[in-house]
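Using my numbering, the first residue of the sequence shown is number 40, and each one after it goes up by one.
For glycine and all other residues, C-beta sits at the position ideal for the given N, C-alpha and C.
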Amino acid sequence: MILIHLILFFLSPISAAQTQDRWEIPPLEEFALDGQDTEWSDVPAYYYRFNQSTNIQAAGAIGENDLQISFKTGWSEKGLHFFFDWQDDISDEHRIGLDSARVEHNGRSMDRMYFYDNLKIVASVDGQRVVAWFAPREDAVQWYSYRAPDGQGQQSGHMPAPAYRLTPHEDGFYLETQLDWEIFKLKPEEVKALQLTIILVDSDLPDMSITDKLNARQVSYVSKSGEAELIK
Ligand SMILES: [Ca+2]
Ligand SMILES: [Ca+2]
């Protein structure tokens, strides 16, 4: 059931309910890419906590002391900014590049990223689309790609790797990252349409092969997706 849900989700990442979800992105003064949340104090968080209310989507079996997440989004003249507080009890991390991102299973091509602890950020800006995957710890950027409005495939060489800072704390770590407006060759005031998706996958099967994972159908994730607006 989870896998079916997941496949539908992957094939159609923006469901009707999610599309209606307003996503207001406040401006950030004095943004510093330092892995610290000093400039984020007034920005409301999206969060998932076990057995507590959440304001994002969640699927799968996320247990007590398992994945706990809160994240914030903001913008500046420099770019779109993201701050994550990422906590997880079992690390299931695997280095995956763009060239190994797909895996065949029962005649179906699946995205390998969804079977490990990973964060996906998708930003669609006036028809241009950037996808950036992060794993929790060292070498956090896994792969990233850019697609032009004419849809000419994924090009990882078009843009530099997203800059990020990772700061460990007692229960996990903070990940701060950004997508520069320069990637889209736009200034923020020129942006007409912005669609954002954030998916955090939690896998707790570090000793299981990818084949067994595909058969086991145990994938959990939290996500938020919707039309976003840059608030002045
Ligand atoms: Ca900061
Ligand atoms: Ca995990």
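Using three-state DSSP, classify residue i as helix, strand or coil.
| i | result |
| --- | --- |
| Phe154 | helix |
| Asp128 | coil |
| Asp241 | strand |
| Pro227 | helix |
| Thr216 | strand |
| Glu266 | strand |
| Ile101 | coil |
| Thr93 | coil |
| Leu205 | strand |
| Asp251 | helix |
| Leu137 | helix |
Looking only at its own chain, which residues have a Cβ that is under 7 Å from the Cβ of residue i, when we skip the five neighbours before and after it?
| i | result |
| --- | --- |
| Arg176 | Glu132 |
| Ser148 | Arg141 |
| Ala187 | Gln167 |
Buried or exposed: where does residue i fall if 16 or more other Cβ atoms within 10 Å of its Cβ makes it buried?
| i | result |
| --- | --- |
| Phe121 | buried |
| Ile270 | exposed |
| Ser163 | buried |
| Ala179 | buried |
| Asn157 | buried |
| Lys224 | exposed |
| Leu253 | buried |
Going by the beta-carbon positions, is the gap between residue i and residue j smaller than 8 Å?
| i | j | result |
| --- | --- | --- |
| Tyr185 | Gln194 | yes |
| Val258 | Tyr153 | yes |
| Asp109 | Ala71 | Per the sequence shown, the amino acid found at residue 109 is Ser instead of Asp. In this structure, Ala71 does not lie closer than 8 Å to Ser109 by Cβ. |
| Asp241 | Asp127 | yes |
| Pro201 | Ala171 | yes |
| Phe173 | Gln181 | yes |
| Gln107 | Phe89 | yes |
| Ile64 | Ala267 | yes |
| Gln217 | Gly74 | no |
| Ile237 | Ser262 | yes |
| Asp76 | Tyr213 | yes |
| Ser115 | Pro66 | yes |
| Ala100 | Asp165 | no |
| Gly265 | Leu239 | no |
Spatial neighbours of residue i within its chain, please: C-beta separation below 6 Å, excluding the five flanking residues on both sides.
| i | result |
| --- | --- |
| Glu69 | Glu78 |
| Glu103 | Phe89 |
| Val161 | Val170 and Thr236 |
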